[in-house]
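Residue numbers (our numbering): 8 to 166. Note that beta-carbon positions come from the ideal geometry of N, C-alpha and C, so glycine has one too. Being a predicted model, the structure only gives us computed values, none of them experimental.
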Amino acid sequence: MDEHEVFVDGVARRLTNDPLAGLAWWLRDGGVTAVKVGCEEGVCGACMVLIDGEPAPACVVPLARVPAGARIETAAGLADSAPGQALAAALRAREPFQCGFCAPGMAVSCVAWMREHGSLPDDRTALAELLTSHLCRCTGKLAIIDALLGVGVEDDEKA
Ligand code: FES
Ligand code: FES
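Pasting the structure below:
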């Protein structure tokens, strides 16, 4: 089976063009346990990653659909970025999660937004819309939304 190179959190990895294998499981098998697997059908957002900067639920992305040279970013790799650090600080202050299973996927979507806009929405409805592709089985997300309202980085720290 053909292989091609992709970059996972900045590290080059060989990926087979297997149409039956899913990206989420391939990442986890490679040690990226920050990618969680919940619903396995693209609904819960636990497996969210960025592929060339765009959020995608990795459980519904076959390896064969990941282009050569793709830059795959996970919550693990994003944790040290300026948006990741801003999120972590806000979440440490408010501790809105219970089991935390949904947290990495939500962080990925939030970082993608913050790269573009600098700050998360400071309006509950808009922030709920941003997190609409994420489910939280423990909390119903209200405390999470309150903790993340308006969290941001300076313009020169968006990456
Ligand atoms: S496990 Fe991928 S969206 Fe739920
Ligand atoms: S805190 Fe448990 S799923 Fe969100």
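Exposure label - residue i; buried when at least 16 CB within 10 Å
i	result
A63	buried
V18	exposed
L27	exposed
T81	buried
G91	buried
P74	exposed
Element boundaries [beta strand (DSSP E), containing residue i]
i	result
L22	V18 to T23
P64	E61 to P64
V13	E10 to V15
L57	M55 to I58
E80	R78 to E80
Spatial neighbours of residue i in its chain, beta-carbon cut-off 6 Å, leaving aside the 5 residues before and after
i	result
C167	Summary: the structure shown does not reach residue 167, with the chain confined to residues 8 through 166, and so no result is reported for it.
G45	C51 and A53
P103	A150, I151 and A154
A31	V42, V44, C54, A65 and C66
S140	G52
Distance, residue j Cα to residue i Cα
i	j	result
G76	R35	19 Å
R101	A95	10 Å
E10	G37	16 Å
A89	R21	28 Å
A71	I58	13 Å
R122	M113	14 Å
P69	D25	7 Å
V13	T23	10 Å
L98	L156	11 Å
K43	W33	12 Å
E136	C117	11 Å
A93	P111	14 Å
L138	L127	11 Å
G107	D87	18 Å
Cβ neighbours of residue i in the same chain (closer than 8 Å, five flanking residues each side left out)
i	result
V67	G29, E48 and G49
E61	A119
V115	M55, V56, L57, P62, E80, T81, A82 and L85
Contact set for residue i: own chain, Cβ-Cβ below 7 Å, skip 5 residues either direction
i	result
A83	D16, V39 and A41
Q105	C145 and T146
Continuous alpha helix (DSSP H) stretch holding residue i: start and end
i	result
R99	A89 to R101
T123	One point to set straight first is that residue 123 is Glu, not Thr, in the sequence displayed. Note, E123: alpha helix (DSSP H), A110 to H124.
D36	L30 to D36
R131	R131 to L137
L155	L149 to L155
Original post:
Within the chosen definition, does the region 128 to 137 reach the region 148 to 158 through at least 3 CB pairs nearer than 8 Å?
Top reply: yes
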